[in-house]
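Novice: Residue numbers (the working numbering): 1050 to 1148.
1) Give the straight-line distance between the Cα atoms of residue 1175 and residue 1128, rounded to the nearest whole angstrom.
2) Between which two residues does the beta strand (DSSP E) harbouring residue 1138 extend?
3) Just mark residue 1073 as buried or exposed, buried being the case when its beta carbon has 16 or more other beta carbons within 10 Å.
4) If we count the other Cβ atoms within 10 Å of its Cβ and call it buried at 16 or more, is residue 1068 buried or exposed?
5) Between which two residues does the beta strand (DSSP E) holding residue 1054 run?
Listed below in structure tokens is the structure:
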């Protein structure tokens, strides 16, 4: 089964960096995407805020901060928050800074 997403945007808040009890580093942030897409020959505004998680790969998140423009590649998975709200989260395997 295929599950790959590439999304570019701007980091909205300061990334949260944590280490899990088993010693794996995690970085979490929100990516805001705004673009114009063509759908059935018409221009359409596309906008979303996507939660992103990076696990165990410190080199991917080195240098990113609030306001950084990046492209993220990874897979999506549903996460259930403490308030029982389910949301899609992008699990990053590649991050590139955009100049």
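Each residue gets a CB set at the ideal place from its N, CA and C atoms; glycine is no exception.
Specialist: Quick answer:
1) Coverage of the chain is limited to positions 1050 through 1148, which leaves residue 1175 absent and any answer about it impossible.
2) Its beta strand (DSSP E) spans residues 1135 to 1146.
3) Taking all protein chains in view, the Cβ of residue 1073 is surrounded by fewer than 16 other Cβ atoms within 10 Å, so the residue is classified as exposed.
4) Residue 1068 comes out exposed.
5) Element bounds for residue 1054: 1054 to 1060.
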